[in-house]
Amino acid sequence: MIPSALTISGVDKFYGPIDRGVHAVQNLTMEIGRGEIVALLGSSGCGKTSTLRMIAGFEEVSRGTISVAGRKVHTLPPVKRNVAMAFEGYSLYPPLTVRENMAFALKAAKLRKRDVDAKVASIAKLLEIEDILERYPSSISGGQQQRASLGRALIREADLHLLDEPMGQLEPQLRAVLRGRIKHFIKE
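Per the working numbering, residue 233 is the first one in the sequence shown, and the count goes up by one each step.
Written as structure tokens, this is what we have:
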């Protein structure tokens, strides 16, 4: 039996003391199959980002368990979860070019240079940022930074790709085009 891509069981998130702090996520349980694309919808402050950050390992789970690809990960550090995340804000290293930012995780995984170059070229084309690969984050627009940051997450072969409003700075037409491309890319 193939394990689910994500299983969340009875997860709570408190900011502050458990049972006395702010209860940001309350008894969340869900199961997401491999290849499924799921959107978390809700009003501002309802716990969507907290949930994504707990899955990725950037926030501790107060109670409950999180499993990725059949492996319990809620106590593991982010680097051991094989989860990629694109944030609403930009997560780019300022001293690196867009190309170097996108290639960073692949080089750390010791992929061959030609494989890294091919993946960077493919994702850059998908996100329409081929012309800015040699530029630094400080010299590109907010929308370009957001696409480069999204590229950093999509380029990884992760068990899960978490996207926290990664296209909020883009023009509506480009956002619609990229949403379709990304959906197709993730399903591949």
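Yeah, the Cβ is synthetic: ideal placement off N, Cα and C, and Gly gets one too.
CB of residue i within 7 Å of CB of residue j, strictly
| i | j | result |
| --- | --- | --- |
| Gly296 | Val243 | yes |
| Asn333 | Tyr322 | no |
| Gln405 | Gln378 | no |
| Lys351 | Ser294 | no |
| His393 | Ala380 | no |
| Ala288 | Pro309 | no |
Same chain only: Cβ atoms within 6 Å of residue i, ignoring 5 sequence neighbours per side
| i | result |
| --- | --- |
| Ser299 | Thr239 |
| Pro398 | Ala318, Leu382 |
| Ala335 | Val348, Val352 |
Cβ shell of residue i (< 8 Å), same chain only, five flanking positions each side left out
| i | result |
| --- | --- |
| Met286 | Val243, Lys245, Val257, Glu292, Val293, Ile298, His306 |
| Glu268 | Ala237 |
| Tyr368 | Pro326, Pro327, Leu328, Thr329, Val330 |
| Gly375 | Gln401, Leu402, Glu403, Leu406 |
| Ser370 | Pro326 |
Assumed close pair residue i, residue j - CB separation to whole angstroms, cut-off 8 Å
| i | j | result |
| --- | --- | --- |
| Arg413 | Leu365 | Going by Cβ atoms, the distance from Arg413 to Leu365 rounds to 18 Å, so no, they are not a contact pair. |
| Ala316 | Arg388 | 4 Å |
| Asn314 | Asp391 | 5 Å |
| Thr281 | Leu260 | No, Thr281 and Leu260 are not in contact; Cβ-Cβ is about 13 Å, not under 8 Å. |
Close Cβ partners of residue i (< 7 Å) along its chain, the five nearest in sequence each way excluded
| i | result |
| --- | --- |
| Asp363 | none |
| Ile264 | Ser236, Ala237, Leu238, Val270 |
| Gly274 | Lys280 |
TODO: Would you list, in sequence order, the uninterrupted alpha helix (DSSP H) runs of no fewer than 4 residues that lie entirely inside the region 285-351?
DONE: 330-340
- [ ] Quick one: which unbroken beta strand (DSSP E) runs of 3-plus residues sit fully inside the region 252-276? Chain order, please.
- [x] 254-264
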